[in-house]
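Notes follow the structure.
In this note's numbering, the protein residues as written are 91 to 183.
What follows is the structure, encoded as structure tokens:
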């Protein structure tokens, strides 16, 4: 893949954002599942999705994680075999 195409792909990635409310509603996820996806505490996701008094905005890095997860889930039929191949080619930790 040429360098210009790499840069374009990475720029598109950098423009991917999705709110916790939109992501959790679209996929029917609760606090615990969202916490696992974003590698954060359940209490943080509660503040993202909870009532107005305790509501906090999700940071852009977390909104990008949710957008990428949305992309993966939306395109699962195509992406799952690619991810499995990638996973098996990585050295063990």
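We put the beta carbon where it would ideally sit given N, CA and C, even for glycine.
- A distance below 7 Å between beta-carbons, with the five flanking residues on each side excluded, links residue 154 to the following residues of its chain, in chain order: 106 and 107.
- Straight across, the Cα-Cα distance linking residue 133 with residue 92 is about 43 Å.
- Counting other Cβ atoms within 10 Å of its Cβ, residue 115 stays below 16 and is therefore classed as exposed.
- For residue 155, the secondary structure class from DSSP, reduced to helix, strand or coil, is helix.
- For residue 143, there is no enclosing alpha helix (DSSP H), since its DSSP letter is neither H nor E.
- When only Cα atoms are considered, residue 158 and residue 125 end up about 15 Å apart.
- Taking 8 Å as the upper bound for CB-CB distance, residue 150 and residue 110 are not in contact here, some 12 Å apart.
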